[in-house]
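Novice:
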Amino acid sequence: MGGRIMTGYMPSLRHPSQPLTTRHDAWTDGRLPSQVKTKEIAVIADLERKTTGAAQQHKKRLVPLRKTDAMSHAERRNFVILDDVWRSGGSECFQVADAYVAAEDSYFFQRSPIAFEAIFQYYATGVVHRPSEVDDTTFDNLMFGKVRRRMWTFLERPGSSMQAKAFELSSTLFVAISVMGLSFGTIPDFQVTHYMPPQNETIVLPNGTVSVVEKVEEMRVEHPAFVFTERICIAFFTVEYCLRLFAAPRKLRFALKPLNLVDLLAIVPFYLELLLTLCGVDDKKLRDLRWAFLVVRILRVLRVIRIIKLGRFSSGLQTFGMTLQRSQKQLQMMTIVLLTVGKIIASAAIMCGVLVLALPITIIVDNFIKVAQDEQQAEQTKLDSSRQELALQSMLHGDED
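All residue numbers for the sequence shown refer to my numbering, where the first residue is 1475 and numbers rise by one.
#1: Report the partner residues of alanine 1573 according to the DSSP bridge assignment.
#2: Three or more C-beta pairs under 8 Å: does that hold for the segment 1632 to 1651 against the segment 1706 to 1714?
#3: Let's see if you can read the secondary structure: which residues bound the alpha helix (DSSP H) around methionine 1693?
#4: In the DSSP assignment, find the beta strand (DSSP E) that holds threonine 1676 and state where it starts and stops.
#5: Taking only runs of the alpha helix (DSSP H) that begin and end inside the segment 1718 to 1752, which ones reach a length of at least 4 residues, in chain order?
#6: To the nearest angstrom, report how far apart alanine 1852 and serine 1868 are at their CA atoms.
#7: If you count every other CB in all the chains shown that lies within 10 Å of the CB of glycine 1790, and 16 or more means buried, which is it?
#8: Out of curiosity, what's the CA-to-CA distance linking leucine 1521 and alanine 1638?
#9: Report, in whole angstroms, the separation of the C-beta atoms of valine 1678 and valine 1686, which I expect to be a contact under 8 Å.
#10: When burial is assigned at 16 or more other CB atoms within 10 Å of the CB, is glutamate 1696 buried or exposed?
#11: With glutamine 1665 and arginine 1694 assumed to form a contact (beta carbons below 8 Å), what rounded beta-carbon distance in angstroms separates them?
#12: Would you check if the distance between the CB atom of glycine 1655 and the CB atom of phenylalanine 1700 is smaller than 7 Å?
#13: Mind checking which residues open and close the beta strand (DSSP E) that includes valine 1811?
#14: Between the beta-carbon of tyrosine 1669 and the beta-carbon of glutamate 1704, is there less than 7 Å?
#15: Would you tell me roughly how many angstroms separate the C-alpha atoms of glutamine 1434 and alanine 1823, rounded to the nearest one?
#16: Going by DSSP, what residue range makes up the alpha helix (DSSP H) through valine 1653?
#17: If I'm right that tyrosine 1715 touches leucine 1738 with Cβ under 8 Å, what's the distance once you round it to whole angstroms?
#18: Round the Cβ separation of isoleucine 1782 and valine 1736 to the nearest angstrom and send it over; I've been treating them as touching at under 8 Å.
#19: Take the Cβ of leucine 1629 as the centre, count every other Cβ of all protein chains shown within 10 Å, and call the residue buried at 16 or more, exposed below.
#20: Return yes when at least one heavy atom of the ligand COA lies under 6 Å from the C-beta of leucine 1813, else no.
#21: Taking its Cβ as the centre, do 16 or more other Cβ atoms sit within 10 Å of glycine 1827, making it buried, or is it exposed?
#22: Tell me the residue span of the beta strand (DSSP E) that contains threonine 1683.
#23: Ends of the beta strand (DSSP E) at histidine 1603?
#24: Does DSSP put glutamate 1607 in a helix, in a strand, or in coil?
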């Protein structure tokens, strides 16, 4: 579909279905685009009735519409951009445009040309530029967004400030302390004896006498100092993850990143064990419930995964992770041997090798035996000849004497 986009103030034009005075502002009510994430654009577009002077000088502005890389990116983010409406044609264009100039094959939007140009340049470049005619005080109500932006910069960019660098070092220290405490807690020398509540056990003696004995079970558990350290580290990791999730521009995309999944898996086992404890499931009951005991053991092993959190603060580890991610297609070939298909292929290869070698193997072995016998005969003949020469020499020396 052809056509151009015109912006300006032309109150004499009429929309094919309704007058301009009854139509809503297509930019400010969120229909074009339907989801404008940047609040600065909405504020600029809302200044149509406030802009004067230079805005009135631009009575008519022709903007040839071409889809740029930024527009394609916005389209992938589920934005409805002007290009989609322009290409569709028909009644959909009439629903968002204020008028259609048939003589020039152009769609007219009764908007401030300056505001329209700022919005169009945002789609073309991805950067918002405030027109000089717009006062700075217009954006005072947008100051609240800086808190999350500064928090995100503080948490995700350690080099942005000295405070961010100190927070990075603190997080690394907590990870190291947590991993060391987890490792030392499994060493018997650093464990303490925990006595279970006494229980009565009935014993039948050989003479038929029934006796009730009080039995106390002993367990080796982590030292309380390691338990306290674990709780402090988990509290820090929880606060850190919640702050990152709060400051993230896109919550779902943030939660699905590999490093963020590692952060979540590092704290989930602790809270699941805590939930089981609050439900009254102690270690002895866990032994009776095999499935629950297995789950807890798996959760305790998963705590080791928090060592991967160190990769957040190491560019080398991040580069190595990206290398593995790009090599996943090639590495998938290595996992074929672990699957049923891989085992079938390996078995077929073995059978083919046996069949290929079975046909010529008899000929090869027969010739090998013949060659070996010939070599032995040659060596035996050489040895016999040398012995005969020695015997003749000894006889000659005997005759001379």
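Backbone N, C-alpha and C define an ideal beta-carbon position, used for all residues, glycine too. Note that the coordinates shown come from a computational prediction; the quantities given were computed from them, not determined experimentally.
Specialist: According to the structure data:
#1: Phe1582
#2: yes
#3: Counting along the chain, methionine 1693 falls outside any alpha helix (DSSP H), though it belongs to the beta strand (DSSP E) covering 1692 to 1696.
#4: 1673 to 1678
#5: 1725 to 1729, 1732 to 1752
#6: 25 Å
#7: exposed
#8: The predicted model places leucine 1521 with a pLDDT of 39, which falls under 50 and marks its position as unreliable, so this point remains unresolved.
#9: In fact, because the Cβ distance is near 11 Å, the residues do not count as touching under 8 Å.
#10: buried
#11: 5 Å
#12: yes
#13: Looking at the DSSP string, valine 1811 is not in any beta strand (DSSP E), and its letter there is neither H nor E.
#14: no
#15: Beyond the ends of the chain as shown, which are 1475 and 1875, falls residue 1434; an answer cannot be given.
#16: 1636 to 1658
#17: 7 Å
#18: 5 Å
#19: buried
#20: This structure simply doesn't include the ligand COA, nor any ligand for that matter.
#21: exposed
#22: Threonine 1683 -> no beta strand (DSSP E), and no H or E assigned at all.
#23: No beta strand (DSSP E) holds histidine 1603; DSSP gives it neither H nor E.
#24: coil
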